[in-house]
Structure formats: structure tokens, C-alpha cells
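**Student:**
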Amino acid sequence: AAALDAGRTRLAEYAVVDAAGGLIHLECPLRVQFGADIVRGDTTLPPEMGEGDFRPARQWLALAVRSRLMPRVDLAALDLALAATAQDGLSRCVHVAQASLREPGFVGLVEQRLVAAAGAARQLSIEWVESTQPAPAATLRQAAATWRRLGVRVGVEHAGASPQALTLWQAAGIDYVKIDARHLRGVADDEAVRGYAGSLVALVHGMGLKALAAGITDESDLAALWALGFDGATGAAVTRARAATNSM
Numbered sequence: 025a026a027a028l029d030a031g032r033t034r035l036a037e038y039a040v041v042d043a044a045g046g047l048i049h050l051e052c053p054l055r056v057q058f059g060a061d062i063v064r065g066d067t068t069l070p071p072e073m074g075e076g077d078f079r080p081a082r083q084w085l086a087l088a089v090r091s092r093l094m095p096r097v098d099l100a101a102l103d104l105a106l107a108a109t110a111q112d113g114l115s116r117c118v119h120v121a122q123a124s125l126r127e128p129g130f131v132g133l134v135e136q137r138l139v140a141a142a143g144a145a146r147q148l149s150i151e152w153v154e155s156t157q158p159a160p161a162a163t164l165r166q167a168a169a170t171w172r173r174l175g176v177r178v179g180v181e182h183a184g185a186s187p188q189a190l191t192l193w194q195a196a197g198i199d200y201v202k203i204d205a206r207h208l209r210g211v212a213d214d215e216a217v218r219g220y221a222g223s224l225v226a227l228v229h230g231m232g233l234k235a236l237a238a239g240i241t242d243e244s245d246l247a248a249l250w251a252l253g254f255d256g257a258t259g260a261a262v263t264r265a266r267a268a269t270n271s272m
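When you number the sequence shown by my numbering, it's gap-free, plus one each residue, and the end is 272.
(1) Any idea which residues DSSP pairs W152 with across the strands?
(2) Is the beta carbon of V97 sitting closer than 8 Å to the one on A145?
(3) Regarding I198 and the ligand PLP, is the C-beta to nearest heavy atom distance less than 7 Å?
(4) Sorted by chain position, which residues of the same chain lie with C-beta nearer than 6 Å to L164's C-beta, five sequence neighbours on each side aside?
(5) Using the C-alpha atoms, what's the distance from S124 back to T258?
(6) Taking all protein chains shown into account, do 16 or more other C-beta atoms lie within 10 angstroms of the C-beta of P128, making it buried, or fewer, making it exposed?
(7) Enumerate in chain order the residues of its own chain whose CB-to-CB distance from E51 is below 7 Å, with the five nearest sequence positions on each side excluded.
(8) To test your reading of the DSSP string, which unbroken beta strand (DSSP E) runs of 3 or more residues are found completely within the stretch 220–263?
(9) Return the chain-ordered list of same chain residues with a C-beta closer than 6 Å to the C-beta of A237, the five sequence neighbours on each side being excluded.
(10) Under the rule that 16 or more other beta-carbon atoms within 10 Å means buried, what is L47, buried or exposed?
(11) Count the other CB atoms within 10 Å of the CB of S223; is the residue buried (16 or more) or exposed (fewer)?
(12) State the Cα-Cα distance for the pair H229 and R32, rounded to the nearest angstrom.
(13) Can the beta-carbon of G179 be found closer than 8 Å to that of Y200?
(14) Tell me which residues share the same chain as R218 and place their Cβ nearer than 6 Å to its Cβ, disregarding the 5 neighbours each side in the sequence.
(15) With 16 as the cutoff for other CB atoms within 10 Å, does G143 come out buried or exposed?
(16) Just to confirm before moving on: does the CB-CB distance between V262 and I240 stay below 8 Å?
(17) Expressed to the nearest angstrom, what Euclidean distance is found between the alpha-carbon atoms of A107 and S271?
(18) Restricting to Cα atoms, I'd like to know which of A161, D213, L133 and A267 is closest to I247.
(19) Tell me whether E215 is buried or exposed, calling it buried when 16 or more other Cβ atoms sit within 10 Å of its Cβ.
(20) Comparing alpha-carbon positions, which option in A260, Q166, G132 and Q122 lies nearest E151?
(21) Excluding the five sequence neighbours on either side, which residues of its own chain have a C-beta within less than 6 Å of the C-beta of A101, listed in chain order?
(22) Who are the near neighbours of A110 in its chain, counting only those whose CB is closer than 7 Å to its CB and skipping five residues on each side?
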């Protein structure tokens, strides 16, 4: 909580691009800086976490969930993204946890921030995580309808494990689905993976949604996903391709 109180947060930025290399948005996971105010022990941070660095979510997410801080974490990321977009005009994407969506009043707090930064809000995407314990369907529908009315695009990340779950997300009124890397790795060479990925993208498109691919590290896999009709992708392969293009 002290790191949030002190504003010791910033966003990482990873490009999500279309098949032509055009920027769809910058995916912006939150990084948190921990200092000497952190008390080590069973309920705080693992001892390998030093002070001063901005740490990715995998190193503090469990602590934030246990401490019921996810709504504050997600609002901090939203504030940073809106401010950055207002400054440079680039589209950005932030994530919200199912725990935040379940918190009474959270959807309204997001709405207040979107209204206050209306121009930046129209260039924002908000993703929630596919979960076996999602927020109530009515809450998901309310969130998507409220935020989309203000120009926000709404998506689901870490998707693909259960094609049946896609019907829930479609009913909630989302715009796109981001398929997790574990369902796509090896798609260029593995017929089973390619068949599953192809069926997913066909299903998503059949629902009127866009299909994005997450965490793609191999250039041949990236090419195969474009051939299958994916609308966007992110990952190390995308980063390298953009770097090569920018260096020309």
C-alpha cells in the first residue's frame, strides 16, 4: 500500500500490432517500486526482491490480492495510461482483475476517470483476465457497456483454454479476445496447435470479435498466425520486427 500511496508505479509498454505492422495499442502492465518501508515476512515480499527496482506483477500480484489492493492497483495503472495518452496520443491498454470487477463501486470509479479524460479514453483498451471465478455476468455486462459507451475497447486476456467460455465474454459485450501464448506456441510446425489456433480464430471471428495473439516469441509462429487470420499480436517476435523496421 505504501508504494501506491507514494506513487511508486509506472507502466511498461509492449506493442500490439496488426499484420501490416501497424500499432493497435501499447499493452501497459503496471510496475511497482518497493522500498525500505516493506517489512519482510510471510505476509509480505519474498527475500529475493531488492529495493529500488520497478517490479513486474508476477513478483507482487499475490501480495496485492491477499491485501485486497487490486482495485487500487488497477486504478493506478488506468491513471498512468490516461495521462500518458493525453500527452503523446498513443493508444494504450491496461488490465483489470476479476477481483477489482467484483469490488462494489469499481466500475463507477473507472467511469469517473474516463469521463474526466474523455479524449484519452477514446484511445484506451481495458482487458480483464479469463478466469474460472469471473465476476458476476451482470457486472461484466455493466462494465463493458459503461466503458464502451465512452469509447473504450474491452477485451479478455489469457483466453483460449475453454472455447465455451468465449460465449460468456461475447454476452458481456467485449470487442476482442487475446489468446494466451501457451495455446499458440509451435503453431508454425505443429499441426495440432495450428488446428486449434485456427478453430479459435474462426470461432472468435464468427462471434463478431477480433482475435489477438499474446506472447509470441518465434517469427515463424508469428507468420503462421497472420496466415490463420489473427488480427493482432504481441511478444518478443513483434518487438524484434519493430526494431528491425525502425532501424532501416
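Backbone N, C-alpha and C fix where the C-beta goes; we use that ideal spot for every residue, glycine too.
**Tutor:** Quick answer:
(1) For W152, which the question treats as bridged, DSSP gives the partners V120 and V180.
(2) No.
(3) Judged by which ligands are present, the structure shown has none, so any question about the ligand PLP falls away.
(4) Correct list, in chain order: A196.
(5) When the Cα atoms are used, T258 and S124 turn out to be separated by approximately 25 Å.
(6) Exposed is the call here.
(7) Cβ contact annotation for E51 (same chain, cutoff 7 Å, sequence separation greater than five): Y38, V40, C117 and T258, in chain order.
(8) Scanning the stretch 220–263 for uninterrupted beta strand (DSSP E) segments of 3 residues or longer gives 234–237, listed from N- to C-terminal end.
(9) Closer than 6 Å at the Cβ level, and outside the excluded window around A237, lie I203, L208, L249, F254 and A257.
(10) By the neighbour-count rule (16 or more Cβ atoms within 10 Å), L47 is not buried but exposed.
(11) When all chains shown are included, S223 counts as exposed.
(12) Rounded to the nearest whole angstrom, the CA to CA distance from H229 to R32 is 40 Å.
(13) For G179 and Y200, yes; Cβs fall inside 8 Å.
(14) Apart from the 5 residues on each side of it in sequence, R218 sits with its Cβ closer than 6 Å to the Cβ of V211 in its chain, given in chain order.
(15) With fewer than 16 Cβ atoms within 10 Å of its Cβ, G143 is classed as exposed.
(16) In this structure, I240 lies closer than 8 Å to V262 by Cβ.
(17) Looking at the two C-alpha atoms, the distance is approximately 29 Å.
(18) For clarity, residue 247 is Ala in the given sequence; the question names Ile instead. By alpha-carbon distance to A247, the top candidate from A161, D213, L133 and A267 is D213.
(19) So E215 counts as exposed.
(20) The residue with the shortest Cα to Cα distance from E151 is Q122.
(21) Closer than 6 Å at the Cβ level, and outside the excluded window around A101, lie L54 and V118.
(22) So the list reads A141, G143 and A144, once near-sequence residues are dropped.
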